[in-house]
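Engineer:
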Amino acid sequence: MTFTPFTFTPITDAWTVEPLGGPLPAGFPAGTVPAVVPGVIHTDLLRAGLIADPFDGDNEAAQQWIGDTSWRYATTFSWHDDGSTRHDLVAYGLDTVARVVLNGEVVAHTENQHRSYRWPVAALLREGANELIVEFSAPVPEVEARAARYGALPQVNHHDFNQLRKTASHFGWDWGIDVAGVGIWQPIGIDSWSGVRIDAVRPLVAVEPDGTGVLTAHLALEHDGTDAGVDLAATVKVAGFGQGATAVSDAPADAASVVVTARIADVHRWWPIGHGDAALYDVTVSVGEAQWVGRVGFRNVHVNTAPDAAGRPFELFVNDELVLVRGVNWIPDHAFLTEIPAARYRRRLDDAVEANVNLLRVWGGGIYESDAFYERADELGLLVWQDFLFACAAYAEEEHLSVEVEAEAREQITRLSTHPSLVIWNGNNENIWGYVDWGWPARLGDRTWGNGYYRELFPRLIAELDPTRFYSPASPFSFGEYLHPNDEHNGTMHIWDVWNRRDYAAYRDYTPRFVSEFGFQGPPAWSTLTRVVHDEPLAPFGAEMLVHQKAHLGNEKLERGAQGHIPIPASIDDWHWATQLNQAQAIAFGVAHFRSLTPHNTGTVLWQLNDNWPVVSWAAVDFDEHRKPLWYALRDVYAPRFATIQPRASERARANAFEGSSPEQDVLALVLVNDTGSDWSGEVALTRLSFSGEEFASENVLVTVRARGTSTIELPAEVAAAGDSRRELVVARVLDQASGFASALWNPADVIDQSLAPQADALDARAERTEGGYAVTVTARSYVRDVFLQVDRVDPAARVDRGLVTLLAGESARFEIASSAAVDPSAFIAPLVLRTANGLLAPAAN
């Protein structure tokens with residue numbers, strides 16, 4: 126957590142901003158405009174009416190001058206001496222290269238967005254009015270100048286973002302808008318104090334074998350020099366669940382640090398989602414008049430990467446229980462970081478939890494997230510994997526950058542040590558892989574590229590400051606000296622040939638131990654897309670549509686990725702639905718395969734949960750907070766108890782396979798994954814039937830699945846063998862409806878090859894008003910795949926409780942819609958709102 130002492134007074138009023146120099150557009154007014162602090166330049170200009178919405182249409186290109194311009198923030202604030210012996214100017218976040226001036230005197234120069242600064246300024250303060258100025262260098266020319274001075278290094282952007290300790294994705298990404306700007310993005314103000322000040326607290330926790338919780342609080346202290354030889358007493362109080370402990374440590378008057386250890390017998394442990402309660406204790410640390418208040422959770426963490434018969438696993442344990450990771454990658458939730466209130470963080474993390482996610486990976490091209498993010502994760506039991514902020518690039522290890530990297534890492538390791546949700550520190554995103562596979566050595570020569578950070582600096586700092594958490598040098602990483610960093614048999618893996626070059630069926634070619642990145646794109650909700658894209662006519666390759674598609678050949682890949690699975694129709698409405706559906710099906714296909722490999726595979730981390738602006742992307746939840754079809758698919762395939770039918774090799778096929786070759790997958794098998802703490806036994810009905818509901822073969826089997834385990838049952842040949850793959854499917858239905866297992870379906874053919882009934886013939890739908898909005902009930906007359914309501918077409922604020930519901934003949938489903946819009950209920954079953962996979966097939970194809 127960010128420690129803001131009660132003695133700190135933020136300076137928030139009367140800020141202005143003006144350009145210092147740069148390519149200003151014609152007609153830009155002279156003088157200053159009001160500014161908000163904390164804030165960033167783009168939002169200040171937007172509020173002043175000097176720029177249009179950067180997210181709308183093609184405004185992005187017309188606003189590149191902002192990142193080429195230097196800016197001057199200034200305010201006059203009132204200060205009165207309160208008798209304290211120290212008065213410090215504290216800046217919790219400046220973005221990025223800045224000169225700080227107080228009453229005409231230069232206080233400091235800064236060049237790191239990801240750390241805070243503190244400067245003694247008592248000699249510069251005046252009774253009454255004081256002028257504070259922060260001048261920012263233009264970020265784009267700054268990185269270009271540094272590349273010229275120090276030498277350009279490999280990276281994946283059109284700007285040299287790796288020259289500066291600034292959010293990499295500010296300069297654009299393959300899902301992100303290019304809005305490199307500046308700003309006082311965290312609080313700035315005066316901290317007036319006397320005696321001793323608590324600079325930082327690292328409350329490290331452990332649970333001993335007898336259940337005793339141990340809190341070891343490491344305090345960093347600063348003194349004003351007036352202690353007069355009086356010894357210090359540091360007190361730590363821990364309270365929660367009717368329990369409590371108080372511990373005191375004495376230290377010399379001038380001690381720069383002190384350690385206090387508190388113990389609680391039979392402590393309530395903090396558990397991740399699905400393993401127990403996320404128990405949090407209140408902690409108060411006091412030294413003299415100084416006080417620090419926070420919360421901790423008692424748990425132990427370790428990761429097993431020891432070699433086994435198949436390679437090296439990546440197994441995460443919390444309190445000695447294996448956690449099967451169902452994760453998503455996280456990017457900043459808004460391109461302008463000061464526009465993410467705590468309520469938005471809560472909604473987004475709730476999106477994750479409601480999709481059965483148990484881990485968020487904070488990606489290394491963004492930021493060390495806000496306190497609101499980690500505090501909500503602590504409360505929810507949502508695990509966090511935190512990247513150090515190094516992504517897809519080489520980084521210099523010379524002093525001009527390394528001193529900032531170490532200062533940043535020290536501060537953030539300390540700051541985040543409070544949070545039980547944080548279980549993994551990761552050195553970088555794809556940089557070691559990039560060095561090995563992306564041609565970096567030829568471009569680098571003998572220059573440094575960041576390896577020293579990942580292999581030496583970060584593990585040393587973790588060992589010094591927070592040895593309670595696991596450290597991985599990179600993602601992907603194989604945890605072996607001579608192993609390829611992206612080896613599927615060892616450690617963590619990124620799978621990106623699927624989406625970029627290969628069909629999503631190729632996910633089955635992989636048997637990874639842990640997948641920390643994989644994904645497939647789809648457009649945002651219709652209302653999100655049409656709010657910002659205004660092409661006439663709206664088309665997949667329209668000019669503004671492509672502004673909102675940042676991936677190389679992205680919309681081409683959308684269409685290519687659907688080939689062989691879903692027809693790509695001519696109308697933009699059907700194109701939108703088809704590509705959304707294909708995204709969902711691709712990820713459901715991959716996750717089902719990976720989870721079926723449990724325990725060989727112990728986790729998947731989908732790219733990505735969220736967006737930072739309205740864009741066609743890999744996200745499950747779009748920028749306007751609509752849950753895309755992918756989100757509903759993810760909720761289903763991430764269910765703690767999950768059933769899937771997968772192709773497998775029979776014993777005969779394995780016996781006849783050549784040595785070193787993969788045996789033919791010649792049978793179907795039901796795989797039940799039980800990611801709960803309880804064993805399960807029950808009966809499963811296995812049935813092959815027609816789309817109209819006629820049964821061709823059926824057999825019931827008894828199955829037992831251990832807690833955190835899987836069971837695999839080969840389907841009888843008469844059930845598995847389709848007579849007509851275009852008109853049949855296989856269903857595995859757990860008879861115990863309270864088991865948590867949804868039915869598993871096996872479609873022998875893809876949508877494009879199935880003889881599905883046209884939507885109008887396949888289902889009946891009725892809509893009605895309800896107390897909370899509306900309800901839609903759908904009843905299938907024939908097999909209906911992927912029923913989905915695009916409710917935002919009726920009301921952009923509407924939300925629906927379920928999606929991508931597949932119905933067998935005779936089955937019904939009810940959809941609850943939360944909406945305050947006053948509309949005819951039938952609007953929610955209009956053809957462009959009520960969508961199915963069946964509806965993408967032309968009648969001639971049936």
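Under the working numbering, the first residue of the sequence shown carries the number 126, and numbering increases by one thereafter.
Just so it is clear, CB atoms sit at the ideal spot from N, CA and C, and this is done for glycine as well.
By Cβ distance below 8 Å, which residues in the same chain neighbour Q733 in space, the five residues on each side in sequence not counted?
Structural biologist: In the sequence shown, the residue the question calls residue 733 occupies position 608. The residues are W300, V453, N454, W455, I456, W488, G644, S742, W743, A744 and A745.
Engineer: Can you list, in chain order, the stretches of the beta strand (DSSP E) that have 3 or more residues and sit fully within the segment 795-839?
Structural biologist: Within the segment 795-839, the complete beta strand (DSSP E) runs of at least 3 residues are 805-815, 820-830 and 834-839.
Engineer: Going residue by residue through the segment 515-588, where are the continuous alpha helix (DSSP H) segments of at least 4 residues, counting only ones entirely within it?
Structural biologist: Within the segment 515-588, the complete alpha helix (DSSP H) runs of at least 4 residues are 524-541, 556-562 and 565-569.
Engineer: Please state if the CB of D503 and the CB of W417 are separated by a distance shorter than 9 Å.
Structural biologist: If you number the sequence shown from 1, residue 417 lands on position 292. If you number the sequence shown from 1, residue 503 lands on position 378. Contact: no.
Engineer: Considering just the uninterrupted stretch of the alpha helix (DSSP H) at I697, what are its terminal residues?
Structural biologist: Counted from its first residue, the sequence shown places residue 697 at position 572. Note, I697: alpha helix (DSSP H), I697 to S721.
Engineer: By a C-beta neighbour count over all protein chains shown, 10 Å radius and 16 as the cutoff for buried, is W125 buried or exposed?
Structural biologist: With the chain covering 126 to 971 only, the question about residue 125 has no answer from this structure.
Engineer: What residues in its chain sit with their C-beta under 6 Å from that of G413, if we drop five residues either side in the sequence?
Structural biologist: Taking the first residue of the sequence shown as position 1, residue 413 is located at position 288. The residues are G320 and V321.
Engineer: Examine the ligand ATP and report whether any of its heavy atoms sits within less than 8 Å of the Cβ of D391.
Structural biologist: No copy of the ligand ATP appears in this structure; indeed no ligand is present at all.
Engineer: Compute the distance between the beta-carbons of F423 and L340, then report whether it is under 9 Å.
Structural biologist: The count along the sequence shown starts at 1 and reaches residue 423 at position 298. The count along the sequence shown starts at 1 and reaches residue 340 at position 215. It is a contact, given that the beta carbons lie within the stated cut-off.
Engineer: Could you tell me if P334 is buried or exposed, where buried requires 16 or more neighbouring beta carbons within 10 angstroms of its beta carbon?
Structural biologist: As a working mapping, residue 334 is identified with position 209 in the sequence shown. Exposed, because fewer than 16 other Cβ atoms sit within 10 Å of the Cβ of P334.
Engineer: Per DSSP, which one or two residues make a beta bridge with T895?
Structural biologist: Your numbering for residue 895 matches position 770 in the sequence shown. Answer is G898.
Engineer: Run through DSSP, which three-state label would Y275 get?
Structural biologist: Counting from 1 along the sequence shown, the entry for residue 275 is found at position 150. Correct three-state label for Y275: helix.
Engineer: I'd like to know whether the C-beta atoms of I136 and I315 end up nearer to each other than 9 Å.
Structural biologist: Looking up residue 136 in the sequence shown gives position 11. Looking up residue 315 in the sequence shown gives position 190. Taking 9 Å as the Cβ cut-off, I136 and I315 qualify as a contacting pair.
Engineer: Quick one, are the C-beta atoms of L957 and D698 less than 9 Å apart?
Structural biologist: Along the sequence shown, read from residue 1 onward, the residue named residue 957 stands at position 832. Along the sequence shown, read from residue 1 onward, the residue named residue 698 stands at position 573. A contact, by the Cβ cut-off of 9 Å.
Engineer: Spatial neighbours of A846 within its chain, please: C-beta separation below 7 Å, excluding the five flanking residues on both sides.
Structural biologist: As a working note, residue 846 is residue 721 in the sequence shown. Excluding sequence neighbours, A846 sits near nothing in its chain.
Engineer: Assign H205 to buried or exposed, taking buried as 16 or more other Cβ atoms, counted over all protein chains shown, within 10 Å of its Cβ.
Structural biologist: Taking the sequence shown and counting its residues from 1, the one referred to as residue 205 is at position 80. Result: exposed.
Engineer: Given a cut-off of 9 Å, decide if E839 and R773 are closer than it, judged by their beta-carbon atoms.
Structural biologist: Counting from 1 along the sequence shown, the entry for residue 773 is found at position 648. Counting from 1 along the sequence shown, the entry for residue 839 is found at position 714. Yes, these two residues count as a Cβ contact at 9 Å.
Engineer: Please state the DSSP three-state secondary structure of R89.
Structural biologist: Outside the shown range of the chain, which is 126 to 971, sits residue 89, and nothing can be said about it.
Engineer: Beta carbon of W871, beta carbon of V859: below 9 Å?
Structural biologist: What you label residue 871 is simply residue 746 of the sequence shown in a count that begins at 1. What you label residue 859 is simply residue 734 of the sequence shown in a count that begins at 1. Result no, Cβ atoms of W871 and V859 do not sit closer than 9 Å.
Engineer: So Y493 is in the alpha helix (DSSP H); what residue range does that whole segment cover?
Structural biologist: To locate residue 493, count along the sequence shown from 1; it is residue 368. Per DSSP, Y493 belongs to no alpha helix (DSSP H) and is neither H nor E.
Engineer: Applying the 10 Å Cβ sphere with the 16-neighbour rule, what's the burial state of F783?
Structural biologist: Position 658 of the sequence shown, counted from the first residue, corresponds to residue 783. Exposed, because fewer than 16 other Cβ atoms sit within 10 Å of the Cβ of F783.
Engineer: When DSSP builds the beta bridges, which residues end up paired with V373?
Structural biologist: By one-based count along the sequence shown, residue 373 stands at place 248. Paired residues: T360.
Engineer: Verify whether the separation of the beta carbon atoms of R388 and D407 is less than 9 Å.
Structural biologist: The residue you call residue 388 lines up with position 263 of the sequence shown. The residue you call residue 407 lines up with position 282 of the sequence shown. It is not a contact, given that the beta carbons lie outside the stated cut-off.
Engineer: Are the CB atoms of R766 and N799 nearer to each other than 9 Å?
Structural biologist: Locating residue 766 in the sequence shown gives position 641, where the first residue counts as 1. Locating residue 799 in the sequence shown gives position 674, where the first residue counts as 1. Yes, the pair counts as a contact, with Cβ atoms nearer than the cut-off.
Engineer: What does a CB cutoff of less than 6 Å around E143 pick up in its chain, not counting 5 residues either side in sequence?
Structural biologist: The sequence position of residue 143 within the sequence shown is 18, counting from 1. Closer than 6 Å at Cβ, skipping near neighbours: T157 and R197.
Engineer: If you reduce the DSSP assignment to three classes, tell me which class S209 lands in.
Structural biologist: One-based indexing of the sequence shown puts residue 209 at position 84. Note: S209 maps to coil in three-state DSSP.
Engineer: Per DSSP, what kind of secondary structure is Y596 in: helix, strand or coil?
Structural biologist: Taking the first residue of the sequence shown as position 1, residue 596 is located at position 471. Note: Y596 maps to strand in three-state DSSP.
Engineer: In chain order, what residues of the same chain lie with their CB nearer than 7 Å to the CB of G605, ignoring the 5 residues before and after it?
Structural biologist: For this step, residue 605 is matched to residue 480 along the sequence shown. So the list reads R437 and N615, once near-sequence residues are dropped.
Engineer: For P148, does the count of other Cβ atoms within 10 angstroms reach 16, so buried, or fall short, so exposed?
Structural biologist: Translated into positions along the sequence shown, residue 148 becomes position 23. Answer is exposed; the Cβ neighbour count stays below 16.
Engineer: Measuring straight from C-alpha to C-alpha, what distance separates H544 and R172?
Structural biologist: Taking the first residue of the sequence shown as 1, we reach residue 544 at position 419. Taking the first residue of the sequence shown as 1, we reach residue 172 at position 47. About 35 Å.
Engineer: In whole angstroms, what is the alpha-carbon distance linking P968 and A885?
Structural biologist: Residue 968 sits at position 843 when you count from the first residue of the sequence shown. Residue 885 sits at position 760 when you count from the first residue of the sequence shown. Reliability fails at P968, whose pLDDT of 49 lies under 50, so the model's placement of it is uncertain and the value that follows must be treated cautiously. Going by the C-alpha atoms only, they are around 11 Å apart.
Engineer: Expressed to the nearest angstrom, what Euclidean distance is found between the alpha-carbon atoms of G369 and F866?
Structural biologist: Residue 369 sits at position 244 when you count from the first residue of the sequence shown. Residue 866 sits at position 741 when you count from the first residue of the sequence shown. Looking at the two C-alpha atoms, the distance is approximately 41 Å.
Engineer: With which residues is W318 paired in a DSSP beta bridge?
Structural biologist: Counted from its first residue, the sequence shown places residue 318 at position 193. According to DSSP, W318 bridges with R211.
Engineer: DSSP state of A970, grouped into three classes?
Structural biologist: Within the sequence shown, numbered from 1, the residue matching residue 970 stands at position 845. Only weak support exists for where A970 lies, its pLDDT of 39 falling under 50; the value from the coordinates is given anyway. Helix.
Engineer: Decide if V548 is buried, meaning its Cβ has at least 16 other Cβ atoms within 10 Å, or exposed.
Structural biologist: Within the sequence shown, the letter at position 423 stands for residue 548. Buried, since its Cβ has 16 or more Cβ neighbours within 10 Å.
Engineer: Pull up the distance between the alpha-carbon of D660 and that of Q280, whole angstroms please.
Structural biologist: As a first step, residue 660 must be located in the sequence shown, where it is residue number 535. As a first step, residue 280 must be located in the sequence shown, where it is residue number 155. Whole-angstrom Cα-Cα distance: 32 Å.
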